[in-house]
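Enquirer: Line order of the protein sequences matches chains A and B. Start counting the first sequence at 182; every next residue gets the next number (our numbering). Start counting the second sequence at 182; every next residue gets the next number (our numbering).
2 protein chains.
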Amino acid sequence: MDSFVIQGIQTLSPAELNAWSDKRLELVEEALSNWVSPDAPAGLGQAMRYAVLDGGKRLRPLLVLAAREAVANGVQDKTLDAAALRAACAVELIHAYSLVHDDMPCMDNDVLRRGKPTVHVHFGEAQALLAGDALQALAFELLTPENQPTTSANTLSHIPDEVQARLCRLLAKAAGFNGMAGGQAIDLASVGLALNEQQLREMHRLKTGALLSASVMMGAACGNISAQTWGCLERYGQAMGLAFQVVDDVLDVTADSVTLGKTAGKDAANDKPTYVSLLGLARAQEYAEQLLHEALKALEDSGLKSAHSLAALAQRVVNRKT
Amino acid sequence: MDSFVIQGIQTLSPAELNAWSDKRLELVEEALSNWVSPDAPAGLGQAMRYAVLDGGKRLRPLLVLAAREAVANGVQDKTLDAAALRAACAVELIHAYSLVHDDMPCMDNDVLRRGKPTVHVHFGEAQALLAGDALQALAFELLTPENQPTTSANTLSHIPDEVQARLCRLLAKAAGFNGMAGGQAIDLASVGLALNEQQLREMHRLKTGALLSASVMMGAACGNISAQTWGCLERYGQAMGLAFQVVDDVLDVTADSVTLGKTAGKDAANDKPTYVSLLGLARAQEYAEQLLHEALKALEDSGLKSAHSLAALAQRVVNRKT
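Below is the structure:
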């Protein structure tokens with residue numbers, strides 16, 4: 182792997198990253214399928230599973246697992262690996278619920294998501310509302326298993342209380358009024374307004390960045406690192422999170438709906454402020470590259486020796502085509 | 182207080198209960214007003230505060246605090262008292278969010294709540310959706326403060342990790358697919374259907390009972406009690422929670438909208454199954470009395486010496502007129 186070094190830090194080639202993520206995604210998909218039960222009453226389970234399974238790039242779970250591997254630094258700990266898997270799934274549930282609610286008629290009124298009819302189109306608005314609500318609760322349920330004495334058989338059910346509390350703290354903050362929900366409120370209020378760059382950055386820091394950053398920090402919370410390393414990972418998460426949104430804005434004008442799996446050109450049609458409308462396409466693309474540079478610099482500063490998958494994920498975020 | 186003894190357990194007179202709850206509600210209202218910040222962006226804070234403040238009977242927070250006092254048994258512990266106050270507020274946030282979402286046009290489409298226009302009427306549907314989402318996240322944020330070394334100045338910010346994890350576990354489960362959200366899905370699917378008593382009980386056990394029971398158990402989690410006492414409090418919570426719903430069904434046909442602060446007669450108009458439609462009014466009223474008896478018996482069996490406010494709250498639940 183050491184043939185891929187960018188800005189002095191080790192990373193993975195796209196093929197290596199695919200191999201790395203394929204392995205992790207197998208675990209994540211299996212865990213999500215087990216934990217999002219079809220047995221929830223009155224069709225709720227079906228709506229929840231439809232919202233979560235078989236779709237999406239799973240960037241947030243991969244960030245959790247990559248950060249966990251970075252802070253583990255090669256030292257095995259099954260309990261903390263299991264905690265990271267729960268955290269990876271919890272973060273994805275929050276992301277999935279936000280998409281369900283965001284697609285509803287009173288919000289973006291979108292009918293297509295990941296190439297499929299949106300949840301409210303398929304199951305009705307009331308069930309979509311409830312499925313989103315239940316997915317948010319389930320995220321916190323996943324993070325707080327009842328601890329039994331650890332045996333080889335129940336590793337996945339055990340997370341130390343301290344880690345449970347930290348994971349809930351990070352996730353609740355990132356999802357709430359001073360995170361994702363707050364960013365969506367700004368988004369809602371900003372349609373048709375000319376935001377300046379600072380206001381646009383603030384909106385995206387909350388709306389998308391908070392949960393992406395939290396993914397990194399939740400992975401980091403499944404390990405013991407210094408405050409200095411923690412700070413570097415925060416810088417990585419913030420730069421990568423903002424880069425994600427800048428690239429999203431770019432793709433909204435450069436990609437088509439089939440490639441995206443959702444309606445392209447929608448931001449412009451809805452007169453929503455974006456980095457492209459603010460900076461123009463070329464400067465938005467440059468800005469994404471600059472943020473990638475910042476993210477990689479933060480990893481370099483962290484001194485972490487096993488941060489190659491985090492580095493490669495930041496590159497994937499910026500170079501993605503969908 | 183020992184002049185009020187029912188079924189061999191000490192309780193409070195209605196006047197004593199009012200005095201007891203007035204004191205606790207002052208703390209709860211102040212804490213809610215502090216924690217539900219008006220500073221959430223783009224009007225979200227106003228919508229959240231509108232949904233939470235100055236309204237409601239606050240039954241769930243009172244149950245949390247009464248259960249905490251019952252398990253404390255007169256022994257002071259500021260840390261655990263503070264944890265119980267956070268739990269009391271968290272449970273109320275979950276209740277408030279569920280009302281906001283439940284009132285939305287795609288659910289019950291109600292325009293009146295606690296005598297005021299509902300959140301979506303006042304702030305629009307999108308903001309109501311987000312406010313509900315943000316209130317759920319905030320509940321878990323309240324339960325997971327970052328622990329600093331305890332000093333007299335920061336007692337309210339400290340909850341032991343183990344207690345944080347237990348509180349999140351209880352709340353997430355009660356709010357989610359196998360609790361409140363699941364019950365609402367059954368409710369949604371049951372309109373116009375003839376449920377039998379067992380199905381009706383299951384719906385209400387999840388929809389209303391789970392969060393009421395969780396209130397009791399979260400209060401109990403702020404203390405150390407035996408598994409046997411824990412089981413008795415669970416029995417109390419379940420009987421009281423079901424009684425609450427039976428009385429709700431009775432009031433829907435016996436009270437008027439002004440007294441209730443919400444639209445009366447709505448269940449019948451919507452062809453929703455209720456205890457009154459199933460059992461008739463007289464037998465539904467008898468059933469509520471029987472459940473009160475069961476709740477008080479469970480308290481007696483618990484052997485707790487300071488359960489008088491829990492006893493009085495169960496009586497209030499059954500004897501309430503609104």
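C-beta atoms are modelled at their ideal positions from N, C-alpha and C, and glycine is treated no differently. The structure displayed is predicted, hence computed values, not measured ones.
Would you say the region 232 to 250 of chain A touches the region 381 to 397 of chain A, given that touching needs at least three Cβ pairs under 8 angstroms?
Expert: The answer is yes - the region 381 to 397 of chain A touches the region 232 to 250 of chain A, with three or more Cβ pairs under 8 angstroms.
Enquirer: Please identify the residue among B/Val-256, B/Val-272, B/Ala-315, B/Ala-469 whose C-alpha is closest to the C-alpha of B/Leu-351.
Expert: Translated into the one-based positions of the second sequence, residue 351 of chain B becomes position 170. Closest option to B/Leu-351, Cα to Cα, is B/Val-272.
Enquirer: Is the beta carbon of B/Leu-172 less than 7 angstroms from the beta carbon of B/Gln-345?
Expert: As displayed, chain B neither begins before 182 nor continues past 503, which places residue 172 of chain B out of reach and without an answer.
Enquirer: Can you name the start and end residues of the alpha helix (DSSP H) that A/Val-372 belongs to?
Expert: As a first step, residue 372 of chain A is located in the first sequence; it is residue number 191 there, counting from the start. Element bounds for A/Val-372: n/a, residue is neither H nor E.
Enquirer: With 16 as the cutoff for other CB atoms within 10 Å, does B/Ala-492 come out buried or exposed?
Expert: As a position in the second sequence, residue 492 of chain B is number 311, starting the count at 1. Label assigned to B/Ala-492: buried.
Enquirer: Look at the alpha carbon of B/Gln-496 and the alpha carbon of B/Thr-389, and state the distance between them as a whole number of angstroms.
Expert: Position 315 of the second sequence, counted from the start, is the residue given in the question as residue 496 of chain B. Position 208 of the second sequence, counted from the start, is the residue given in the question as residue 389 of chain B. Distance between the alpha carbons of B/Gln-496 and B/Thr-389 is about 17 angstroms.
Enquirer: Considering only C-alpha positions, which residue in the set A/Tyr-468, A/Glu-378, A/Tyr-231, A/Asp-289 is nearest to A/Ala-277?
Expert: Position 96 of the first sequence, counted from the first residue, corresponds to residue 277 of chain A. Nearest of A/Tyr-468, A/Glu-378, A/Tyr-231, A/Asp-289 to A/Ala-277, Cα basis: A/Tyr-231.
Enquirer: Provide the residue span of the alpha helix (DSSP H) that contains B/His-276, from first to last.
Expert: In the second sequence, the residue the question calls residue 276 of chain B occupies position 95. 259 to 284 is the extent of the alpha helix (DSSP H) around B/His-276.
Enquirer: Can you list the residues of chain B that A/Thr-299 reaches, using a CB-CB cut of under 7 angstroms?
Expert: The residue labelled residue 299 of chain A in the question sits at position 118 within the first sequence. Per Cβ cutoff of 7 angstroms: no residues; A/Thr-299 is ~14 angstroms from chain B at best.
Enquirer: Name the residues in the region 306 to 326 of chain B whose C-beta lies less than 9 angstroms from a C-beta of chain A; which are they?
Expert: Taking 9 angstroms as the Cβ-Cβ cut-off against chain A, the residues of the region 306 to 326 of chain B that qualify are Glu-306, Ala-307, Gln-308, Ala-309, Leu-310, Leu-311, Ala-312, Gly-313, Asp-314, Ala-315, Leu-316, Gln-317, Ala-318, Leu-319, Ala-320, Phe-321, Glu-322, Leu-323, Leu-324, Thr-325, Pro-326.
Enquirer: Check for me: the alpha helix (DSSP H) holding B/His-385 runs from which residue to which?
Expert: The residue given as residue 385 of chain B occupies position 204 in the second sequence. Per DSSP, B/His-385 belongs to the alpha helix (DSSP H) from 378 to 385.
Enquirer: Take the Cβ of A/Asp-283 as the centre, count every other Cβ of all protein chains shown within 10 Å, and call the residue buried at 16 or more, exposed below.
Expert: Indexing the first sequence from 1 puts residue 283 of chain A at position 102. A/Asp-283 comes out buried.
Enquirer: Given a limit of 9 angstroms on CB to CB distance, which residues of the region 201 to 232 of chain A reach chain B?
Expert: The residues in question are Val-217, Ser-218, Asp-220, Ala-221, Pro-222, Ala-223, Gly-224, Leu-225, Gly-226, Ala-228, Met-229.
Enquirer: Just to confirm my understanding: we take B/Gly-357, look at its own chain, exclude 5 residues before and 5 after, and list those with CB closer than 6 angstroms. What are they?
Expert: Working through the second sequence from its first residue, we reach residue 357 of chain B at position 176. Closer than 6 angstroms at the Cβ level, and outside the excluded window around B/Gly-357, lies no residue.
Enquirer: Of the residues A/Ser-458, A/Leu-266, A/Ala-465, which one's Cα is nearest the Cα of A/Asn-215?
Expert: As a working mapping, residue 215 of chain A is identified with position 34 in the first sequence. Taking only the C-alpha atoms, the option nearest A/Asn-215 is A/Leu-266.
Enquirer: Can you check which of these residues, A/Met-288, A/Gly-412, A/Arg-205, A/Leu-319, is closest to A/Met-229 by C-alpha distance?
Expert: The residue labelled residue 229 of chain A in the question sits at position 48 within the first sequence. Closest option to A/Met-229, Cα to Cα, is A/Leu-319.
Enquirer: Would you kindly check if the distance between the Cβ of B/Val-427 and the Cβ of B/Ala-465 is under 7 angstroms?
Expert: Numbered from its first residue, the second sequence carries residue 465 of chain B at position 284. Numbered from its first residue, the second sequence carries residue 427 of chain B at position 246. Result yes, Cβ atoms of B/Ala-465 and B/Val-427 sit closer than 7 angstroms.
Enquirer: Can you tell me whether A/Ala-402 is buried or exposed? The criterion is at least 16 other CB atoms within 10 Å of its CB, across all chains shown.
Expert: Sequence index remark: in the first sequence, residue 402 of chain A carries index 221 (1-based). So A/Ala-402 counts as buried.
Enquirer: Quick check: what's the CA-CA separation for A/Asn-500 versus A/Ser-490?
Expert: Residue 500 of chain A sits at position 319 when you count from the first residue of the first sequence. Residue 490 of chain A sits at position 309 when you count from the first residue of the first sequence. Spanning the two alpha carbons is a distance of roughly 15 angstroms.
Enquirer: Using the C-alpha atoms, what's the distance from B/Met-421 back to A/Lys-502?
Expert: By 1-based counting over the first sequence, the position of residue 502 of chain A is 321. By 1-based counting over the second sequence, the position of residue 421 of chain B is 240. When rounded, the distance between both Cα atoms is 56 angstroms.
Enquirer: Per DSSP, what kind of secondary structure is A/Lys-388 in: helix, strand or coil?
Expert: The residue you call residue 388 of chain A lines up with position 207 of the first sequence. Here A/Lys-388 sits in helix by DSSP.
Enquirer: Find out if the Cβ-Cβ distance for the pair A/Leu-423, A/Leu-459 is shorter than 7 angstroms.
Expert: Position 242 of the first sequence, counted from the start, is the residue given in the question as residue 423 of chain A. Position 278 of the first sequence, counted from the start, is the residue given in the question as residue 459 of chain A. The answer is no: Cβ separation not under 7 angstroms.
Enquirer: In or out: B/Asp-183 buried (at least 16 other Cβ within 10 Å) or exposed?
Expert: Residue 183 of chain B sits at position 2 when you count from the first residue of the second sequence. Low per-residue confidence applies at B/Asp-183: pLDDT is 42, beneath 50, and the placement is therefore not dependable, though the value from the model is reported in the following sentence. It counts as exposed.
Enquirer: Please say whether A/Ile-190 and A/Glu-481 have beta carbons closer to each other than 7 angstroms?
Expert: By one-based count along the first sequence, residue 481 of chain A stands at place 300. By one-based count along the first sequence, residue 190 of chain A stands at place 9. Yes, the pair counts as a contact, with Cβ atoms nearer than the cut-off.
Enquirer: In this structure, what does DSSP give as the bridge partners for B/Lys-146?
Expert: One cannot answer for residue 146 of chain B here, as it falls past the ends of chain B, which runs 182 to 503.
Enquirer: CB-CB under 8 angstroms to B/Asn-290, same chain, minus the five flanking residues each way: which ones, in chain order?
Expert: Counting from one through the second sequence, the residue named residue 290 of chain B turns up at place 109. Contacts found: Asp-284.
Enquirer: Is the Cβ-Cβ distance between A/Asp-314 and B/Ala-362 less than 7 angstroms?
Expert: By 1-based counting over the first sequence, the position of residue 314 of chain A is 133. By 1-based counting over the second sequence, the position of residue 362 of chain B is 181. Closer than 7 angstroms, so yes.
Enquirer: Using the C-alpha atoms, what's the distance from A/Thr-299 back to A/Ala-366?
Expert: Along the first sequence, read from residue 1 onward, the residue named residue 366 of chain A stands at position 185. Along the first sequence, read from residue 1 onward, the residue named residue 299 of chain A stands at position 118. In a straight line, the C-alpha of A/Ala-366 is about 21 angstroms away from that of A/Thr-299.
Enquirer: With B/Cys-413 as the anchor, note down where its alpha helix (DSSP H) starts and where it stops.
Expert: Indexing the second sequence from 1 puts residue 413 of chain B at position 232. Where B/Cys-413 is concerned, the enclosing alpha helix (DSSP H) stretches over 408 to 435.
Enquirer: Since B/Met-229 is in the alpha helix (DSSP H), which residue starts that stretch and which ends it?
Expert: Taking the first residue of the second sequence as 1, we reach residue 229 of chain B at position 48. Unbroken alpha helix (DSSP H) run through B/Met-229: 225 to 233.
Enquirer: Whole angstroms are fine: how far does the CA of A/Leu-348 sit from the CA of A/Asp-235?
Expert: Along the first sequence, read from residue 1 onward, the residue named residue 235 of chain A stands at position 54. Along the first sequence, read from residue 1 onward, the residue named residue 348 of chain A stands at position 167. If you take the alpha carbons of A/Asp-235 and A/Leu-348, they lie about 25 angstroms apart.
Enquirer: Does A/Lys-259 get closer than 7 angstroms to chain B when you measure Cβ to Cβ?
Expert: Within the first sequence, residue 259 of chain A is the residue found at index 78, counting from 1. False, the Cβ-Cβ gap to chain B never drops below 7 angstroms.
Enquirer: Output, in chain order, the set of chain E residues within a Cβ distance shorter than 7 angstroms of A/His-282.
Expert: The chain inventory of the structure shown lacks chain E, comprising the protein chains A and B.
Enquirer: Verify whether the separation of the beta carbon atoms of B/Asp-430 and B/Thr-410 is less than 7 angstroms.
Expert: Residue 430 of chain B sits at position 249 when you count from the first residue of the second sequence. Residue 410 of chain B sits at position 229 when you count from the first residue of the second sequence. No, Cβ-Cβ distance for B/Asp-430 and B/Thr-410 is not below 7 angstroms.
Enquirer: Alpha carbon to alpha carbon, how far is A/Arg-416 from B/Leu-494?
Expert: Position 235 of the first sequence, counted from the start, is the residue given in the question as residue 416 of chain A. Position 313 of the second sequence, counted from the start, is the residue given in the question as residue 494 of chain B. Cα-Cα distance, rounded: 50 angstroms.
Enquirer: Taking a cut of 9 angstroms between CB atoms, which residues from the region 353 to 376 of chain A lie near chain B?
Expert: Under the 9 angstroms Cβ criterion, the region 353 to 376 of chain A contributes Ala-353, Lys-354, Ala-355, Ala-356, Gly-357, Phe-358, Asn-359, Gly-360, Met-361, Ala-362, Gly-363, Gly-364, Gln-365, Ala-366, Ile-367, Asp-368, Leu-369, Ala-370, Ser-371.
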